[in-house]
Amino acid sequence: MARSIWKGPYVDPSVLRKVFKPNKSLKVYSRRSVIMPEFVGKELEVHNGHKFISISITEHMVGHKFGEFATTRRKPTHKTKK
36 MARSIWKGPY VDPSVLRKVF KPNKSLKVYS RRSVIMPEFV GKELEVHNGH KFISISITEH
96 MVGHKFGEFA TTRRKPTHKT KK
């Protein structure tokens, strides 16, 4: 279910604190946070449950969530006959 429009987008307070500090790479654990226009041009590392996936925020990503850009599933590999 989507979040109500009158509430506005959800951004974790820890993400907001990290984005406005001058750091090289920011590690984001909050996959449910919405990407805001202030994040455009930043380099972020989003946690997928196992490791951090590096992403660069563009203007087309605004309004989407961080979790959409760091997949948690691996492509299955099957044994091949020799």
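Here the numbering used here is used: the first residue of the sequence shown is 36, the next is one more, and so on.
Every residue gets a Cβ at the ideal spot worked out from N, C-alpha and C, and that includes glycine.
Checking the sheet assignment: what are the DSSP bridge partners for residue i?
i    : result
H82  : F87
K62  : E80
K100 : V69
May I ask you to report which of helix, strand or coil DSSP gives residue i?
i   : result
K53 : helix
P48 : helix
H95 : helix
So residue i packs on residue j, CB below 8 Å; how close in whole Å?
i    : j    : result
V150 : E103 : This structure cannot speak to residue 150, because the chain is shown only from 36 to 117.
P80  : I88  : Correcting the residue identity first, residue 80 is Glu in this sequence and not Pro. At roughly 7 Å, the Cβ-Cβ gap stays under 8 Å, so E80 and I88 are in contact.
Is the beta carbon of residue i sitting closer than 8 Å to the one on residue j?
i    : j   : result
S68  : V46 : yes
S65  : V50 : yes
H82  : K53 : no
E73  : S91 : no
T107 : G84 : yes
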